[in-house]
C-alpha cells in the first residue's frame with residue numbers, strides 16, 4: 006500500500022485529524038452525479054457497441070490468460086476487481102460521446118435522441134465485476150478498434166469522427182473500376198457520372214445520425230460551438246474525382262465539416278493534425294498508416310478491397326518430347 010499523501014479526509018496530508026461525519030458525507034456526495042442519467046430506449050438511440058479490450062487496457066490480463074490459462078486469469082481478475090482498469094484506445098472516443106450526450110440533455114431534457122454506448126465482452130462472468138467497477142469508476146461504458154502506435158491527445162469536449170469515402174460512406178463502385186481498369190478509366194468514369202450519386206456504404210447511416218445530432222445544436226444557434234465535428238478523408242483527388250463525392254453527400258442531405266482530398270497521399274500525417282477520436286477506412290494500408298501516427302483507426306470489412314489477391318498460376322513447362 007502506498008503510504009504517501011492520500012487526500013483531505015483524516016489522511017497523512019491533513020495531519021491525521023479525524024473528519025466529522027458531515028464533512029465526509031459532503032465530500033463523497035460531490036464525487037458522483039446526484040442522479041444517473043436514464044438510458045434512452047434502443048429504438049430511439051444511436052447505439053455504439055465497443056469491446057472491453059478497446060475501452061480498457063488489458064495487456065497484462067491477456068498475457069496471464071495466454072500463458073497461465075483461464076483459471077489463473079479469473080483468479081487475477083478477482084484479486085484486482087477493485088482496481089480500475091487503465092483507459093484503452095477507445096476511451097477518449099467514448100468519453101467524447103458522453104460529452105455530447107451531456108450537452109444534448111441540457112438542451113433537450115426530454116429527448117432520447119442520444120448515443121447509447123454498449124460494452125461488449127466475451128469474458129468469464131466473474132470478470133464482469135471488475136469491468137462494472139471500472140465503468141462506474143470512469144462513469145462511462147464502451148467496436149473493436151486498432152490501437153495507435155503512440156499516444157496523441159484528442160479533444161475531451163468535442164467528438165471528432167473521420168471517414169474514408171469509397172467503401173465506407175459510399176459503395177465500392179468506384180474502387181471496383183480502379184481495381185479492374187486502372188486510374189485513367191476511374192477518372193473518366195467519375196467525370197462521366199459526376200452528377201449521379203454513389204450508392205450508400207456501410208457507415209452512411211452513422212454520418213447521418215451524427216448530422217441529425219449536429220442540427221439539434223445548429224437550431225439553438227450553436228453551429229460554431231457544436232460538440233460534434235466530422236471529416237471526409239479520402240484518397241480521391243479534388244480536381245479529378247472530388248466533385249462526385251461532394252455531390253453525393255449533398256443529394257443525401259448530408260455534409261461533413263471538412264472534406265480532405267489527398268490525391269493518393271498517406272492519410273496518417275493529416276489525421277495526426279486533425280486528431281479525430283476514431284477514423285474509419287476499408288483498407289488496412291490506411292488503417293496501419295493512421296495507427297503509426299497515433300490515430301485510433303477502425304477497419305471496415307466491406308467492398309472489393311477485402312477480396313484476397315489472386316496469385317498468378319505458375320506456368321507449367323511443356324511436356325518433354327517422347
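Residue numbers (our numbering): 6 to 327.
Quick reminder that beta carbons are idealized off the backbone N, C-alpha and C, glycines included.
In whole angstroms, give me the CA-to-CA distance for residue i and residue j.
i	j	result
residue 63	residue 188	43 angstroms
residue 288	residue 249	21 angstroms
residue 292	residue 43	35 angstroms
residue 262	residue 211	15 angstroms
residue 239	residue 302	14 angstroms
residue 88	residue 81	11 angstroms
residue 202	residue 71	49 angstroms
residue 109	residue 119	7 angstroms
residue 222	residue 256	22 angstroms
residue 116	residue 50	10 angstroms
residue 299	residue 242	24 angstroms
residue 94	residue 86	21 angstroms
residue 244	residue 197	14 angstroms
residue 278	residue 227	24 angstroms
residue 209	residue 65	37 angstroms
residue 233	residue 163	6 angstroms
residue 114	residue 54	24 angstroms
residue 345	residue 213	This structure cannot settle anything about residue 345, because the visible part of the chain is limited to 6 through 327.
residue 274	residue 294	8 angstroms
residue 186	residue 271	22 angstroms
residue 2	residue 304	Nothing in the structure corresponds to residue 2, since the chain is present only between 6 and 327.
residue 311	residue 269	19 angstroms
Quick one: is residue i buried, meaning 16 or more other Cβ sit within 10 Å of its Cβ, or exposed?
i	result
residue 175	buried
residue 74	exposed
residue 106	buried
residue 253	buried
residue 57	buried
residue 103	buried
residue 290	exposed
residue 67	exposed
residue 195	buried
Quick one: what's got a C-beta closer than 7 angstroms to residue i's C-beta in the same chain, skipping five residues either side?
i	result
residue 52	121 and 123
residue 91	61 and 62
residue 139	61, 89 and 90
residue 251	264
residue 258	none
By Cβ distance, which residues of its chain are closer than 8 angstroms to residue i, with the 5 residues on each side in sequence left out?
i	result
residue 191	179, 182, 183 and 246
residue 69	77, 78 and 81
residue 46	117
Tell me which same chain residues have a C-beta within less than 6 angstroms of the C-beta of residue i, skipping the five on either side of it?
i	result
residue 154	296 and 297
residue 97	159 and 282
residue 309	177, 180, 181 and 184
residue 235	166, 215, 261 and 262
residue 149	Here the model assigns residue 149 a pLDDT of 47, short of 50, so the residue's position is not dependable and the matter cannot be decided.
residue 152	94
residue 204	176
With 7 angstroms as the threshold, decide whether the Cβ of residue i is near any Cβ in chain D.
i	result
residue 122	Absent here is chain D; the protein component of the structure consists of one chain.
Below 6 angstroms, is the gap between the Cβ of residue i and the nearest heavy atom of the ligand NAP?
i	result
residue 241	Here there are no bound small molecules, and the ligand NAP is not part of this structure.
I'd like to confirm the pairing. Which residues does DSSP put opposite residue i in its beta bridges?
i	result
residue 52	121
residue 92	61
residue 263	236
residue 165	234
residue 171	175
residue 304	286
residue 151	302
residue 205	175
Thinking residue i and residue j are a contact (beta carbons under 8 angstroms), I'd like their distance in whole angstroms, please.
i	j	result
residue 237	residue 168	6 angstroms
residue 78	residue 206	Wrong, their Cβ atoms sit about 39 angstroms apart, outside the cutoff.
residue 334	residue 280	Limits of the chain in this structure are 6 at one end and 327 at the other, which puts residue 334 out of reach.
residue 112	residue 220	Not confirmed; about 12 angstroms, so no contact.
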